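> 35 is the number of the first residue of the sequence shown in our numbering; add one for each residue after it.
C-beta: ideal position from N, C-alpha, C; glycine also.
This structure is a prediction, so every number in the text was calculated from the model and none was measured.
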Amino acid sequence: MKAVIVSVICGSAMLAAPPLEVFAPGDVDGEFHVNTGELEGTLRLGGISFGFSPFRHVPTDTDLIAMMGLLNYYRVFTTNHRYGESMRAIPSDATLEAPDTLRVHWPADADRPFELTGVYHWVAPDTVDLETIVEAKEHLQEFDVFIASYLSERFPVSSVYVKGDDDKKAFITAEPEHGVWQAFPRDADAVRIIKDGRWDIPPSPVDWAVRPELAAPIIHRRNEATGLTVAMMARAEDCFAVFTPDRGEGHYSMYLSLFGKTLEAGDTARARIRMIIGPLNDDALLKRYKEFKRSFDESLTRRPHKPANCRTCPKRRPVSRKK
35 MKAVIVSVIC GSAMLAAPPL EVFAPGDVDG EFHVNTGELE GTLRLGGISF GFSPFRHVPT
95 DTDLIAMMGL LNYYRVFTTN HRYGESMRAI PSDATLEAPD TLRVHWPADA DRPFELTGVY
155 HWVAPDTVDL ETIVEAKEHL QEFDVFIASY LSERFPVSSV YVKGDDDKKA FITAEPEHGV
215 WQAFPRDADA VRIIKDGRWD IPPSPVDWAV RPELAAPIIH RRNEATGLTV AMMARAEDCF
275 AVFTPDRGEG HYSMYLSLFG KTLEAGDTAR ARIRMIIGPL NDDALLKRYK EFKRSFDESL
335 TRRPHKPANC RTCPKRRPVS RKK
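1) Do three or more CB pairs link the segment 75 to 89 to the segment 54 to 62 at distances below 8 Å?
2) Go ahead and label Ala37 buried or exposed: buried means 16 or more other beta carbons lie within 10 angstroms of its beta carbon, across all protein chains shown.
3) Identify whether Tyr286 lies in helix, strand or coil by the three-state DSSP scheme.
4) Put Met121 into one of helix, strand or coil per three-state DSSP.
5) Whole angstroms is fine: what's the gap from Pro53's alpha carbon to Pro133's?
6) So, helix, strand or coil for Lys197, using DSSP?
7) Could you tell me which of Phe218, Val157, Ala182 sits nearest to Lys197, measuring between CA atoms?
8) Run through the DSSP bridge pairs and tell me what Gln216 is partnered with.
9) Within the same chain, show all residues whose beta-carbon is closer than 7 Å to that of Phe189, passing over the 5 residues directly before and after it, in chain order.
10) Please report the straight-line C-alpha distance between Asn106 and Gly85, rounded to a whole angstrom.
11) Return helix, strand or coil for Asp301, following the three-state DSSP convention.
12) Is it buried or exposed, Asn343, if we count other Cβ atoms within 10 angstroms and call 16 or more buried?
13) From the DSSP output, in three-state form, read off Pro52 for me.
14) I'd like to know whether the C-beta atoms of Leu73 and His91 end up nearer to each other than 8 Å.
15) Measuring CB atoms only, is the segment 167 to 175 touching the segment 141 to 149, in the sense that at least three cross pairs come out at less than 8 Å?
16) Return the chain-ordered list of same chain residues with a C-beta closer than 6 Å to the C-beta of Pro352, the five sequence neighbours on each side being excluded.
17) Candidates Ser183, Ile252, Ile99, Gly284: which alpha carbon is nearest Lys327's?
18) Name the two residues that bound the continuous alpha helix (DSSP H) containing Ala250.
19) Considering only C-alpha positions, which residue in the set Glu209, Ile235, Asp200, Leu136 is nearest to Ala249?
20) Taking the alpha-carbon of Ala303 as reference, which of Ile310, Met309, Gly294, Ile311 has the nearest alpha-carbon?
21) From Gly45 to Glu325, what does the alpha carbon distance come to, in whole angstroms?
22) Quick one: what does DSSP say Pro352 is sitting in, helix, strand or coil?
23) Look at Thr215 and Ala182 and say whether their C-beta atoms are less than 8 Å apart.
24) By a C-beta neighbour count over all protein chains shown, 10 Å radius and 16 as the cutoff for buried, is Thr129 buried or exposed?
25) Quick check on DSSP: helix, strand or coil for Ala128?
26) What three-state label does DSSP hand Ala330 in the structure shown?
27) Below 7 Å CB to CB, which residues in the same chain sit around Trp156 once its five sequence neighbours on both sides are set aside?
28) For the segment 102 to 118 against the segment 268 to 278, do three or more pairs of beta-carbon atoms, one drawn from each stretch, fall closer than 8 Å, so that the two count as touching?
29) Three-state secondary structure (DSSP) at Lys295?
30) Determine, using beta carbons only, whether Trp140 and Ser120 come nearer to each other than 8 Å.
31) Is Val92 helix, strand or coil by DSSP?
32) Where Ile206 and Ala144 are concerned, what is the direct C-alpha to C-alpha distance, given to the nearest angstrom?
33) What are the partner residues of Tyr108, as DSSP defines its beta bridges?
34) Specify the secondary structure class of Glu172 as computed by DSSP and reduced to three states.
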């Protein structure tokens, strides 16, 4: 498992070598200080998987967090079933893989028939990727990992990138007249998963108000005075819904639901999301989203070329290679 994750991260790091010097051990085991030059704070405060909290944007001297932090693993579901109240309450191991890369792992047990791994990897001083890897130990029907980020009153409303009339795409805000808790699905099948009973389970059941379909899984909160923006994004094939409370609701939160597909025992599934924090308008954010999507294509082009399997290469006799 560890070798697989390291190979993925090393492939990403090839884009920006040497790695950023971001993480340093914190005050207790499993806690890590974070300093990118533009952002500073803590990941896993007290050794608990609360995400990035506290966290500050250095150029604007803005504290981002009021409660729990950015990019934390909240809930995990299958059809009409939730695995405990929160992954935050379940002990996890944290390993520093590189100065810019931290691996968090939850082993499987009798109550959780899956291994869950999160790899935080800084690709730029304002940008962190979180790759989620799941290994199923039994049949997992429409498996769902719910990633949460909580900000402060400085970021009062979420904007989500949706399809409009005549296939027009635009960011719209989550206003109170549409409901307190709002869900933006990928498609009709995503609505079915959201409404299959998994969110009816106490404590804290949620009756999501279904909003327009996503144009792409992008959500952000912006400080109206400074333009400082905190954005989360994913590919449509990895994220089946985006969630948020309405304007001014006290969680000041954003959520992504990953996977939404059935896994069989022995299956491994991966999804990568990106968070960008900086003074970005919507046009700049969409440009960064295109760069994020291109990073998946670039990772494919970095795979070793195999002339024997290439239709465009001339046929050659095999040659021995020293390893």
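The relevant details are as follows:
1) yes
2) Residue placement at Ala37 is flagged as unreliable, the pLDDT there being 38, under the threshold of 50; the coordinate-derived value follows with that caveat. The C-beta of Ala37 has fewer than 16 other C-beta atoms within 10 Å across all chains shown, which makes the residue exposed.
3) coil
4) The answer is helix: DSSP assigns Met121 an H, G or I state.
5) 7 Å
6) strand
7) Residue nearest to Lys197 within the set Phe218, Val157, Ala182 is Phe218 (criterion: CA-CA distance).
8) Ala243, Thr278
9) Here Phe189 has Arg255, Arg256, Asn257, Val264, Tyr286 as same chain residues with Cβ atoms under 7 Å from its own Cβ, once five neighbours each way along the sequence are excluded.
10) 4 Å
11) coil
12) Bear in mind that a pLDDT of 37 at Asn343, under 50, signals an unreliable position, so the model cannot answer this.
13) coil
14) yes
15) yes
16) Since pLDDT at Pro352 reaches only 34, below the 50 mark, its modelled position is unreliable, and no value is offered.
17) Ile252
18) Here Ala250 belongs to no alpha helix (DSSP H); instead the beta strand (DSSP E) covers 248 to 256.
19) Taking only the C-alpha atoms, the option nearest Ala249 is Asp200.
20) Gly294
21) Note that Gly45 has pLDDT 41, beneath the 50 cutoff, so the model's placement of it is unreliable and the number below is only indicative. Going from the Cα of Gly45 to the Cα of Glu325 covers about 16 Å.
22) Confidence is the limiting factor: at Pro352 the pLDDT is only 34, short of 50, which leaves the residue's position unreliable and the question unanswerable from this model.
23) Reading the sequence as shown, one finds Trp at residue 215 and not Thr. Their beta carbons are not under 8 Å apart, which means Trp215 does not touch Ala182 by this criterion.
24) exposed
25) strand
26) The residue you asked about is not Ala; residue 330 is Phe in the sequence shown. In this structure, Phe330 counts as helix in the three-state DSSP scheme.
27) Leu54, Val56, Thr70, Asp134, Val162
28) no
29) strand
30) no
31) coil
32) Near 42 Å, if we compare the C-alpha coordinates of Ala144 and Ile206.
33) DSSP lists no partner for Tyr108.
34) coil
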